[in-house]
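Numbering (this note's numbering), first residue to last: 1 to 81. Glycine is no exception: its CB is placed at the ideal position from the N, C-alpha and C atoms. Small disclaimer: the values here were computed from a predicted structure and weren't measured. Notes follow the structure.
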């Protein structure tokens, strides 16, 4: 019988799941923390968010990669003079 394991904690999980419920809830909580931080500090970069919230930069970058968060470039175009 083939068994699958949670990528986060290593606990066995059903083959139909991608992770365990405990880790999924933890990730959802961290995602909410990041969203709230960005609501209050909209121009923050991933390193600032990670340093302030304690959430790993790899997780924040994963949110960006999977489309849960998007990056916005608000910098005006600057011309070399």
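Worksheet entry | alpha helix (DSSP H) segments (min. 4 residues) lying fully within the stretch 40-67 | You should have 46-53 and 57-65.
Practice prompt. Determine the burial state of residue 72: buried for a count of at least 16 other Cβ atoms within 10 Å of its Cβ, exposed for fewer.
Written response: Position 72 of the chain shown holds residue 72. With fewer than 16 other Cβ atoms within 10 Å, it is exposed.
Fill in: Rounded C-alpha distance that separates residue 45 from residue 52
Within the chain shown, residue 45 is the residue found at index 45, counting from 1. Within the chain shown, residue 52 is the residue found at index 52, counting from 1. So the alpha carbons of these two residues sit roughly 11 Å apart.
Fill in: Integer-rounded CB distance, given that residue 34 should sit under 8 Å from residue 13
The sequence position of residue 13 within the chain shown is 13, counting from 1. The sequence position of residue 34 within the chain shown is 34, counting from 1. No, residue 13 and residue 34 are not in contact; Cβ-Cβ is about 24 Å, not under 8 Å.
Worksheet item: Tell me the DSSP bridge mates of residue 12?
Response: As a working note, residue 12 is residue 12 in the chain shown. 5.
Worksheet item: Nearest to residue 38 by alpha carbon, out of 60, 22 and 24?
Response: On the chain shown, position 38 is the one that residue 38 refers to. When each option's Cα is compared against that of residue 38, the closest is 60.
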